[in-house]
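Novice: Quick one: the structure is below, and I'll ask about it shortly.
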Amino acid sequence: MSDALLHDALAGLTAIPKTLPGKYLWDETGSDLFDQICHSADYYPTAQETALLPRAAAEVARTVEPGVTVVEFGSGASRKIRTLLDALPEPAAYVAIDISGAYLEAAIRRLAPDYPGIAMVPVCADYSKPVALPVQAGPGGILGFYPGTSIGNFDPTEAGLFLERARATLGPSLFLVGADGTTDPERLHRAYGAADGLMAAFHRNILIRLNRECGADFDCDNFRHEIRLLSDPFRVEAHLVATQPGTYRLGGQTIEVAASESIRTDTSHKYTAEAFQALARAAGWQPRALWQAEGGSFNLHLLQAEA
Numbered sequence: 014m015s016d017a018l019l020h021d022a023l024a025g026l027t028a029i030p031k032t033l034p035g036k037y038l039w040d041e042t043g044s045d046l047f048d049q050i051c052h053s054a055d056y057y058p059t060a061q062e063t064a065l066l067p068r069a070a071a072e073v074a075r076t077v078e079p080g081v082t083v084v085e086f087g088s089g090a091s092r093k094i095r096t097l098l099d100a101l102p103e104p105a106a107y108v109a110i111d112i113s114g115a116y117l118e119a120a121i122r123r124l125a126p127d128y129p130g131i132a133m134v135p136v137c138a139d140y141s142k143p144v145a146l147p148v149q150a151g152p153g154g155i156l157g158f159y160p161g162t163s164i165g166n167f168d169p170t171e172a173g174l175f176l177e178r179a180r181a182t183l184g185p186s187l188f189l190v191g192a193d194g195t196t197d198p199e200r201l202h203r204a205y206g207a208a209d210g211l212m213a214a215f216h217r218n219i220l221i222r223l224n225r226e227c228g229a230d231f232d233c234d235n236f237r238h239e240i241r242l243l244s245d246p247f248r249v250e251a252h253l254v255a256t257q258p259g260t261y262r263l264g265g266q267t268i269e270v271a272a273s274e275s276i277r278t279d280t281s282h283k284y285t286a287e288a289f290q291a292l293a294r295a296a297g298w299q300p301r302a303l304w305q306a307e308g309g310s311f312n313l314h315l316l317q318a319e320a
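In the numbering used here, the protein residues as written are 14 to 320.
Below you can see the structure in the form of structure tokens.
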């Protein structure tokens, strides 16, 4: 991972404007911080999804056959999957895909004792690239699961490509996907700019990771966390903004950062139900069901791909 991290970080930090790929936020520390963010009072998507998921899971359970294999993209702490596994009729296996190997293994160790009849299959992989499943579909077929707001980390073109890759990974299947459609500036500023102060630590952790894994020497305290709301397409961008000019070393190269210069570390696009369903159809998925919170501020979509 360090070679890929170094390569991608150098490409982003020597570009104009500077960026760092958001997927590298998710080491073990970052995953743990985000799990805390999900339980903060400011971060609304988790509460909305938690309210919707039991109803969606019950309806999905009536749709699938016993022996289904569940495949979760970006499994993280594997908390939400419990609601789905508890509702499904005799699931055969749970395949958890996540980029942070240590966090993934720990999550599976916590989950497995509570589900002794379900095969637990951790897959450490970058799901923004093609992923091949290491197991065959169970007798009940495959159900994909992509909860939260992670689809928003992709712009519309990238989201369409992800949905195409997911269809190739899952084959003929159902796919339960979360998508955030919130556009209220005040709510977004609280969720992405505050979140009990955890968001700032979450984003600065990528510099800490570069120091630890790639021998960089970033002064992490020189960077403040800032979010920006932008349109066309509507999105929230996270930035680390230098308070003072700095000169840093990374991979044998010099990285100059001017005062007030920013490094974009992540983007969260907001997709209305209609916009997401259009992307899904273009990628070969057919919408089957929709569950909505507060008039569409957060949505759970059930998609289907035929053979």
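For every residue, glycine included, the Cβ atom is placed at its ideal position computed from N, Cα and C.
Which residue or residues does DSSP assign as beta-bridge partners of W298?
Specialist: DSSP, once it has assigned bridges, lists no residue as partnering W298.
Novice: Given N218, which residues of its chain have a CB within under 8 Å of its CB, disregarding the five upstream and five downstream residues?
Specialist: L38, D40, T42, G43 and L46
Novice: For R222, I'd like the list of residues in its chain whose CB is within less than 8 Å of its CB, leaving aside the five on either flank, ordered along the chain.
Specialist: L18, Y37, D40, T42 and G43
Novice: Taking contact to mean at least 3 C-beta pairs separated by less than 8 Å, is the region 283-292 in contact with the region 187-204?
Specialist: By the C-beta criterion, the region 283-292 is judged to be in contact with the region 187-204, since at least 3 inter-stretch pairs fall below 8 Å.
Novice: Output yes or no for whether 8 Å exceeds the beta carbon distance between P34 and D55.
Specialist: Result no, Cβ atoms of P34 and D55 do not sit closer than 8 Å.
Novice: Quick one: complete beta strand (DSSP E) runs, 3+ long, within the region 63-94?
Specialist: 82-86
Novice: Do R180 and A296 have their C-beta atoms within less than 8 Å of each other?
Specialist: yes
Novice: Could you check how far apart the C-beta atoms of G154 and V77 are, in whole angstroms? I think they sit under 8 Å.
Specialist: Going by Cβ atoms, the distance from G154 to V77 rounds to 7 Å, so yes, they are a contact pair.
Novice: Provide the residue span of the alpha helix (DSSP H) that contains I219, from first to last.
Specialist: I219 -> alpha helix (DSSP H) spans L211 to C227.
Novice: Please say whether A145 and M133 have beta carbons closer to each other than 8 Å?
Specialist: no
Novice: For the region 138-224, list the beta strand (DSSP E) runs that are entirely contained and at least 3 residues long, ordered along the chain.
Specialist: Counting only runs that start and end inside the region 138-224, the beta strand (DSSP E) elements of at least 3 residues fall at 155-159 and 186-193.
Novice: In chain order, what residues of the same chain have a beta carbon less than 8 Å from the beta carbon of Q266, not counting five sequence neighbours either side?
Specialist: L23 and T27
Novice: Taking the DSSP output, what are the residues bridged to A306?
Specialist: F311
Novice: By DSSP's criteria, P135 is part of a beta bridge. Which residues make up the other side?
Specialist: A109
Novice: Count the CB pairs spanning the region 200-208 and the region 234-248 that are closer than 8 Å, and state whether there are at least three.
Specialist: Enough Cβ pairs lie closer than 8 Å, so yes.
Novice: Thinking C-alpha only, which one of P246, R95 and N235 is nearest A255?
Specialist: N235
Novice: Please classify G228 as buried or exposed, where buried requires at least 16 other C-beta atoms within 10 Å of its C-beta.
Specialist: exposed
Novice: Would you tell me roughly how many angstroms separate the C-alpha atoms of A288 and A207, rounded to the nearest one?
Specialist: 28 Å
Novice: Under DSSP, the beta strand (DSSP E) around D40 begins and ends at which residues?
Specialist: DSSP places D40 in no beta strand (DSSP E); its state is neither H nor E.
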